[in-house]
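The next block holds one structure in the form of structure tokens; read it before the comments.
Protein chains: 2
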Amino acid sequence: MRDVSIIGIGQTKVGEHWDKSLKELATDAILAAIKDAQTDRVDSLYIGNMLSGELTGQEHLGALVSDFAGLRGVEAVKIEAACGSGAAALRIGYMAVAGELADFVLVAGVEKMTDKPGEQVTAALAMAADGDYEAQSGMSFVAINALLMQRYMYEYGVKHQDFAPFAVNAHRNAVNNPYAMFPFPVTAEDFKKSKMIADPVNLLDSSPVCDGAAAVVLCPAEAARRFSEHPVRIRASAIATDTLALHDRRDLLGLQGAALSAVKAYHQAGLGPQDMDLFEVHDAFTIMSVLSLEACGFAERGCGTRLGLEGEIAIGGRIPITTMGGLKARGHPVGATGMYQIVEVVEQLRGQAGKNQVPDARVGMAQNIGGSGATVITTILESMD
Amino acid sequence: MRDVSIIGIGQTKVGEHWDKSLKELATDAILAAIKDAQTDRVDSLYIGNMLSGELTGQEHLGALVSDFAGLRGVEAVKIEAACGSGAAALRIGYMAVAGELADFVLVAGVEKMTDKPGEQVTAALAMAADGDYEAQSGMSFVAINALLMQRYMYEYGVKHQDFAPFAVNAHRNAVNNPYAMFPFPVTAEDFKKSKMIADPVNLLDSSPVCDGAAAVVLCPAEAARRFSEHPVRIRASAIATDTLALHDRRDLLGLQGAALSAVKAYHQAGLGPQDMDLFEVHDAFTIMSVLSLEACGFAERGCGTRLGLEGEIAIGGRIPITTMGGLKARGHPVGATGMYQIVEVVEQLRGQAGKNQVPDARVGMAQNIGGSGATVITTILESMD
Chain A
-2 MRDVSIIGIG QTKVGEHWDK SLKELATDAI LAAIKDAQTD RVDSLYIGNM LSGELTGQEH
58 LGALVSDFAG LRGVEAVKIE AACGSGAAAL RIGYMAVAGE LADFVLVAGV EKMTDKPGEQ
118 VTAALAMAAD GDYEAQSGMS FVAINALLMQ RYMYEYGVKH QDFAPFAVNA HRNAVNNPYA
178 MFPFPVTAED FKKSKMIADP VNLLDSSPVC DGAAAVVLCP AEAARRFSEH PVRIRASAIA
238 TDTLALHDRR DLLGLQGAAL SAVKAYHQAG LGPQDMDLFE VHDAFTIMSV LSLEACGFAE
298 RGCGTRLGLE GEIAIGGRIP ITTMGGLKAR GHPVGATGMY QIVEVVEQLR GQAGKNQVPD
358 ARVGMAQNIG GSGATVITTI LESMD
Chain B
-2 MRDVSIIGIG QTKVGEHWDK SLKELATDAI LAAIKDAQTD RVDSLYIGNM LSGELTGQEH
58 LGALVSDFAG LRGVEAVKIE AACGSGAAAL RIGYMAVAGE LADFVLVAGV EKMTDKPGEQ
118 VTAALAMAAD GDYEAQSGMS FVAINALLMQ RYMYEYGVKH QDFAPFAVNA HRNAVNNPYA
178 MFPFPVTAED FKKSKMIADP VNLLDSSPVC DGAAAVVLCP AEAARRFSEH PVRIRASAIA
238 TDTLALHDRR DLLGLQGAAL SAVKAYHQAG LGPQDMDLFE VHDAFTIMSV LSLEACGFAE
298 RGCGTRLGLE GEIAIGGRIP ITTMGGLKAR GHPVGATGMY QIVEVVEQLR GQAGKNQVPD
358 ARVGMAQNIG GSGATVITTI LESMD
């Protein structure tokens, strides 16, 4: 095995791209990453995507996108792990380079969700849940997260308003991200008055349905400086799984898939939560941020909301999260999200995060979650500067 | 990189499994493979599947199936490359072990197609074609293959009846395969009288819609003898791509994705077509067998049908194909097909193919094709006896 680096990044603005097809979005991100990497050599392409079949009637994205992006002939497949598809594709690309099966690998995440009516998108997303026990009973992902949040509030005596800082922080950071879907601030008062969706989850607890694509170019670390002034090393890339259905979990609020994934990543990197300068958390819902922070060792069980209330999640705080807006305010095009997180950590480690720059950021972590915690991919990145 | 071996195989009967869910089918194959491998150690699971979202309303198969199969927690994702999903998943599993990222890897292919009406399945399968130019125009995969067959017959002056030996051979071999969907013989006369589907493709040119799952256990070759009396080494595993749409191909009948995939595999293995004792070909339609045989160097361009007419594709012939019935008569549960091919080559190389045993088989090849040739995975296996 050899070390792997990221030498190019690309992303599209997140939003409602009614004028662009799925393959056009993916190609925009891919060509930007190739340009950034200053090389057009690509051995293979791994595409993270969840819903292209259900929402655009197109599977077989590997070959389709590689042809459209000018890479006809290369090895290419689609990787699916629900909302964790993006970082899962990165894990496969990482394996290819680390294991010396390829030298230059493109990894892209893409999703196009806004061409269809909302109820169809909600039903499509429910395919990430257990069909026999959850989706068949009419449970959407908002409902699943509402159950987790209800239980969390009951178990730890936490108020709903205690989750407000996660939405406020994400929106504050999105203001300076030109790729964000919602680049405007919200206040704790806005959160309080926000429309209820599934008690206690309100609109500002929730990430939006949207379109987007993000991509990176990987190569062996030893060659990285030839292609990038600020290469970033992948110190760890780890996947762990848990049950799809909540009722099958041994520890409902423990998010064991996230904990196992983080422990594997910490072990690979020889690092721990105390070494992270920032953490791109999977804030599909505010409760998911809190559970993820706790599972990864950034807070004790039941204490995750305090990180928000005490300002520790802001840039300049102990563990800055959602530094470019997160799923909440940058947006959550599901199969692309994991790759947006990676691109954003790279921006931070390169010192290219502009007004949102985490001072002296050298090591960053991203955690991408499929379903309500059934597939969890943890990636740890380090600046090679 | 290190050598990789197959130490366990498992498969379900192919057919209409109305009493089994997708995860049950996959688990049956997985547990059979684990039992065959005489180990229950599994580091990760890669699942090849194309249509679980569209036809069963369930994505996120990696975590779902690993939990149901008793492997909760392991790294697990779904790999999609249309009808090439099965062997594409094998390629990813091969990468993990070859690159030393995992030691024991399970690869499964699964598809459940018969719970839905035929027209819905036909539309779902068309998601493997180019949505903008083929599927949107109402072209099904039978129609796409009919265009290829028409052109082939025109270009090379071949009669439709010349394709009959491919169907006859597949059905003859399926008779002795307890897992085959259609274990009965057909004659050239049956072929002649067979119902037309899309001129010139008739019923006996075509593989059936069906359900099934197949799986293998991989481990480093150096450890393989501890778990299997007849381990099989993966000499090559290669993916290449081409355009989805026929009209974009540089050479319509050249099947360039298949040629490139085969050349990559031959190069990896240091072997050529003359070294193959059998070839599990992707006979979704008889024309696809002929194009694949030519692209892989088993016949000159325009001469593929002669291999059938001269008996060379039969067991005992120069290059036995579809030795357990192929897609035509064993069946073609699309995302599982590539794994059935691998399982069948392993049976041959172990000397466990019963009445269909290819004498002294030591090296076998399988080619799994997504779409009409847009993703092609070539695998070369060798007995370690």
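Chains as they are written, first to last, in our numbering: chain A, -2 to 382; chain B, -2 to 382.
Every residue gets a Cβ at the ideal spot worked out from N, C-alpha and C, and that includes glycine.
Since the model is a prediction, treat every value here as computed from it, not as a measurement.
Asked: How about ARG69 (chain A): is its C-beta nearer than 8 Å to some C-beta of chain B?; Found: yes
Asked: Within the 8 Å Cβ cut-off, does LYS189 (chain B) reach chain A?; Found: no
Asked: Cβ of HIS264 (chain B) less than 8 Å from any chain A Cβ?; Found: no
Asked: Which residues bound the beta strand (DSSP E) around GLN364 (chain A)?; Found: 360 to 367
Asked: Secondary structure at ARG88 (chain B), three-state DSSP: helix, strand or coil?; Found: helix
Asked: Three or more beta-carbon pairs under 8 Å between the stretch 92 to 112 of chain A and the stretch 43 to 62 of chain B, yes or no?; Found: no
Asked: Going by CA-CA distance only, name the one from B:ASN170, B:ASP196, B:ALA177 and B:MET362 that's closest to TYR149 (chain B).; Found: B:ASP196
Asked: Please classify MET193 (chain B): does DSSP put it in a helix, a strand, or coil?; Found: strand
Asked: Does the beta-carbon of GLN158 (chain B), which I'm using as the reference point, lie nearer than 7 Å to any heavy atom of the ligand MG?; Found: The ligand MG is not part of the structure shown, which contains no ligands of any sort.
Asked: Can you round the beta-carbon distance between LEU103 (chain A) and ILE27 (chain A) to whole angstroms, since I take them to be within the 8 Å contact cut?; Found: 6 Å
Asked: Tell me, please, which residues DSSP counts as bridged to GLY374 (chain A).; Found: In the sequence on display, residue 374 (chain A) carries Ile and not Gly. Bridge partners of ILE374 (chain A): A:ILE236 and A:ASN365.
Asked: Around the Cβ of PHE181 (chain B), are there at least 16 other Cβ atoms within 10 angstroms (buried) or fewer (exposed)?; Found: exposed
Asked: How about the stretch 1 to 16 of chain B and the stretch 58 to 76 of chain B: do they share at least three Cβ pairs that are nearer than 8 Å?; Found: no
Asked: Let's see if you can read the secondary structure: which residues bound the alpha helix (DSSP H) around LYS75 (chain A)?; Found: First-last for LYS75 (chain A): 72 to 77, but that is the beta strand (DSSP E), not the alpha helix (DSSP H).
Asked: Using DSSP bridges, identify the partner residues of LEU275 (chain A).; Found: A:GLY361
Asked: Can you name, in chain order, every residue of its own chain whose Cβ lies under 6 Å from the Cβ of ILE236 (chain A), other than the five neighbours on each side?; Found: ARG88 and ILE374
Asked: Report, in whole angstroms, the separation of the C-beta atoms of VAL85 (chain A) and VAL74 (chain B), which I expect to be a contact under 8 Å.; Found: A quick correction: the sequence has Ala, not Val, at residue 85 (chain A). Between VAL74 (chain B) and ALA85 (chain A) the Cβ distance is about 5 Å, and since that is below 8 Å, they are a contact.
Asked: Is the beta carbon of GLU159 (chain A) sitting closer than 8 Å to the one on LEU324 (chain A)?; Found: Just to set this straight, residue 159 (chain A) is Asp in the shown sequence, not Glu. Not a contact, by the Cβ cut-off of 8 Å.
Asked: So that I know if they touch, is there some Cβ in chain B lying closer than 8 Å to that of SER63 (chain A)?; Found: yes
Asked: Among the candidates B:GLU152, B:ALA326, B:ASP272 and B:HIS244, whose CA atom is the shortest distance from the CA of THR283 (chain B)?; Found: B:ALA326
Asked: Does any residue of chain A have a CB that is nearer than 8 Å to the CB of GLU108 (chain B)?; Found: no
Asked: Less than 7 Å between C-beta atoms, sequence neighbours within five positions excluded: which residues of the same chain meet that for ALA143 (chain A)?; Found: ALA195, ASP196, PRO197 and VAL198
Asked: Taking one C-beta from the stretch 211 to 227 of chain A and one from the stretch 91 to 98 of chain A each time, how about it: are there three or more such pairs within less than 8 Å?; Found: yes
Asked: For the candidate residues A:ARG230, A:VAL278 and A:SER18, whose alpha-carbon lies nearest to that of LEU378 (chain A)?; Found: A:ARG230
Asked: Tell me whether LEU241 (chain A) sits in a helix, a strand or coil according to DSSP, three-state version.; Found: coil
Asked: From the DSSP output, read off the bridge partner residues of LEU61 (chain A).; Found: According to DSSP, which records beta bridges pairwise, LEU61 (chain A) is partnered with nothing at all.
Asked: In chain B, which residues lie less than 9 Å from VAL260 (chain A) when you measure between Cβ atoms?; Found: Those within 9 Å of VAL260 (chain A) in chain B number zero; the least Cβ separation is about 11 Å.
Asked: For SER203 (chain A), which residues from the same chain have a beta carbon less than 7 Å from its beta carbon, with the 5 sequence-adjacent residues on both sides left out?; Found: VAL139, ILE194 and PHE282
Asked: What three-state label does DSSP hand ASN142 (chain A) in the structure shown?; Found: helix
Asked: Mind pulling the chain C residues with CB within less than 9 Å of MET47 (chain B)?; Found: Judged by its chain identifiers, the structure shown contains no chain C, and its protein chains are A and B.
Asked: Looking at the C-beta of ILE3 (chain A), does it have a partner C-beta in chain B at a distance below 8 Å?; Found: no
Asked: Do we get a CB-CB distance below 8 Å when we pair ASP127 (chain B) with the residues of chain A?; Found: yes
Asked: Once you ignore the five residues that flank GLU51 (chain B) on each side, which residues in its own chain have a CB closer than 6 Å to its CB?; Found: ALA121
Asked: From the beta carbon of VAL74 (chain B), is the nearest beta carbon of chain A less than 8 Å away?; Found: yes
Asked: Starting from PRO162 (chain B), follow the alpha helix (DSSP H) in both directions and report where the run begins and ends.; Found: 161 to 171
Asked: Compute the Euclidean distance between the alpha carbons of SER137 (chain A) and ALA126 (chain A), then round it to the nearest angstrom.; Found: 8 Å
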